[in-house]
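Participant: Using my numbering, the letters of the sequence shown map in sequence onto residues 5 to 118.
Each residue gets a CB set at the ideal place from its N, CA and C atoms; glycine is no exception.
For clarity, every value in this text was computed on a predicted model and none was experimentally measured.
There's a structure below that I have some questions on.
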Amino acid sequence: VQLQASGGGLVQPGGSLRLSCTASGSIFSINVMGWYRQAPGKQRELVALIGSGGRTNYADSVKGRFTISRGATKITHYLQMNSLKPEDTAVYYCYGEATGRAYWGQGTQVTVSS
5 VQLQASGGGL VQPGGSLRLS CTASGSIFSI NVMGWYRQAP GKQRELVALI
55 GSGGRTNYAD SVKGRFTISR GATKITHYLQ MNSLKPEDTA VYYCYGEATG
105 RAYWGQGTQV TVSS
């Protein structure tokens, strides 16, 4: 499984961004997809996950502001980020689970600053 993330950038506080992650390879085996993030000097942390049945899980810090969703197939999933705060600044990593293994995409930088 290969994962390709896109959609990061610079946004002002209160603004919105949408991240996309496109999977390729053995996509039929993917059962969980999601996003993690890592801020400078901090550990990588969970942002949001979505299972094959559509069940979602969010970090408390993003509940009510971020929404994870997926396309009609398992190929692409999205992270809609609204009401962004400076503390959301981080490198965001696309994540997938398939056949008991974890897969990571390259990071995409999200910077929230005025």
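#1: If L7 sits next to C98, beta carbons under 8 Å apart, how far is it from one beta carbon to the other, in whole angstroms?
#2: Per DSSP, what kind of secondary structure is V5 in: helix, strand or coil?
#3: Go through the region 17-91 residue by residue and report every complete run of the beta strand (DSSP E) that reaches 3 residues or more, in order.
#4: Which whole-angstrom value is the C-beta distance of N35 and S56, which I expect to be below 8 Å?
#5: In or out: F32 buried (at least 16 other Cβ within 10 Å) or exposed?
#6: On a CA-only basis, which of T93, T71 and S118 is nearest R22? Give me that one, please.
#7: CB-CB under 8 Å to R48, same chain, minus the five flanking residues each way: which ones, in chain order?
#8: Using a threshold of 9 Å, state whether the C-beta atoms of V5 and S24 are closer than that.
#9: Can you say whether G104 is buried or exposed, counting buried as having 16 or more other CB atoms within 10 angstroms of its CB?
#10: Please report the straight-line C-alpha distance between E91 and T115, rounded to a whole angstrom.
#11: When the Cα atoms are used, what is the spatial distance from L88 to G68?
Facilitator: Checking against the coordinates, here is how it stands:
#1: Residue 7 sits at position 3 when you count from the first residue of the sequence shown. Residue 98 sits at position 94 when you count from the first residue of the sequence shown. With 8 Å as the limit, L7 and C98 qualify as a contact, their Cβ atoms being about 4 Å apart.
#2: Along the sequence shown, read from residue 1 onward, the residue named residue 5 stands at position 1. Here V5 sits in coil by DSSP.
#3: 21-28, 34-42, 49-55, 60-62, 70-74 and 80-85
#4: Indexing the sequence shown from 1 puts residue 35 at position 31. Indexing the sequence shown from 1 puts residue 56 at position 52. With 8 Å as the limit, N35 and S56 qualify as a contact, their Cβ atoms being about 5 Å apart.
#5: For the purposes of this step, residue 32 is taken as the residue at position 28 of the sequence shown. When all chains shown are included, F32 counts as exposed.
#6: Working through the sequence shown from its first residue, we reach residue 22 at position 18. The option with the nearest alpha carbon to R22 is T71.
#7: Within the sequence shown, residue 48 is the residue found at index 44, counting from 1. Excluding residues within five positions, the ones whose Cβ falls inside 8 Å are Y40, R41, Q42 and Y97.
#8: As a working note, residue 5 is residue 1 in the sequence shown. As a working note, residue 24 is residue 20 in the sequence shown. Against a cut-off of 9 Å, the Cβ pair of S24 and V5 comes out as no contact.
#9: As a first step, residue 104 is located in the sequence shown; it is residue number 100 there, counting from the start. G104 comes out exposed.
#10: Taking the sequence shown and counting its residues from 1, the one referred to as residue 91 is at position 87. Taking the sequence shown and counting its residues from 1, the one referred to as residue 115 is at position 111. For E91 and T115, the distance between alpha carbons rounds to 9 Å.
#11: Reading the sequence shown from its first residue, position 84 is the one you call residue 88. Reading the sequence shown from its first residue, position 64 is the one you call residue 68. Using only the alpha carbons, I get a separation of about 11 Å.
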